[in-house]
Amino acid sequence: MKSNRPYLLRALYEWILDSDCTPYVVAVVDFPGVDVPAGYVSDGRITLNVSPQSVRQLVIGDDMLTFDGRFSGTPYRVTLPSGAIVAIYARETGQGMAFEAETPAAVEATPSAAEGATEKSSEKSGDDTRKGPSLRVIK
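One point on numbering: in this note's numbering, the residue at position 128 of the sequence shown is 180, and numbering is uninterrupted.
Here is the structure:
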C-alpha cells in the first residue's frame with residue numbers, strides 16, 4: 053500500500069491556508085535526497101515556511117516536496133523526500149501533524165515490495181480457471 057504521508061501533507065497544507073494561517077514544514081536533513089541550505093539547519097532539522105507568499109512552484113508530490121525559495125536573498129531549489137518530513141503545522145496556532153521519520157532502508161524497500169506485489173497480481177490474473185463464488189438457497 054502507498055504511503056499516506058503525501059496525502060496528509062496536501063490536506064493539512066490546504067487546511068492551514070484555508071484557516072488563514074502560515075504553513076510550516078519540519079524535515080530531518082540527514083535523509084537521502086534532502087537538498088536544503090545548510091546554514092539554516094538546527095539539530096539535524098530544518099523548519100521551512102511554505103506559504104504561497106514565501107515560496108514559488110511548490111509541488112507536494114507522492115515522493116517529494118519541492119519548491120523554489122530565497123534564503124537571505126539567494127535563490128535555492130529545496131527538495132524534501134516525503135519520508136524526511138516530520139511535521140506540518142500552522143505557525144499561528146501550532147496545530148498540525150507530526151510524523152515519524154522514515155528510515156532510508158524502508159524507503160528503498162518500498163519499490164521492490166511494490167514490484168513483488170505487481171508480480172503476484174500478474175500471476176493471479178493469468179489464472180482464468182478459478183471458480184467464482186457460488187451461492188445457494190438455504191431454507
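Every residue gets a Cβ at the ideal spot worked out from N, C-alpha and C, and that includes glycine.
Taking 7 Å as the limit between beta carbons, can you name the residues of its chain near C73, skipping five residues before and five after? Closer than 7 Å at Cβ, skipping near neighbours: A142, R143, E144 and T145.
Applying the 10 Å Cβ sphere with the 16-neighbour rule, what's the burial state of A90? Counting Cβ neighbours within 10 Å, A90 comes out exposed, since fewer than 16 surround it.
I need the straight-line Cα distance from S106 to V86, nearest angstrom please. Distance between the alpha carbons of S106 and V86 is about 19 Å.
In this structure, does DSSP put R122 in helix, strand or coil? It is a strand residue.
Exposed or buried, which one is Y59 when buried takes at least 16 other CB atoms within 10 Å? Y59 counts as exposed, since fewer than 16 other C-beta atoms from the protein chains shown sit within 10 angstroms of its C-beta.
Opposite M116 in the DSSP bridges: which residues? M116 is bridged by DSSP to P133.
Hey, how far is the Cα of D114 from the Cα of S55? Computed Cα separation, rounded: 8 Å.
Quick one: what does DSSP say T170 is sitting in, helix, strand or coil? Residue confidence for T170 is low, a pLDDT of 43 falling below 50, so the modelled location carries little weight; the figure read from the coordinates is stated next. Here T170 sits in helix by DSSP.
Going by Cα to Cα distance, which pick from P127, V102 and F119 is closest to D139? Rather than Asp, the amino acid found at residue 139 in this sequence is Ala. Residue V102 holds the alpha-carbon nearest to the alpha-carbon of A139 among P127, V102 and F119.
What separation, rounded to the nearest whole angstrom, lies between the Cα atoms of L100 and Y76? The alpha-carbon separation between L100 and Y76 amounts to approximately 5 Å.
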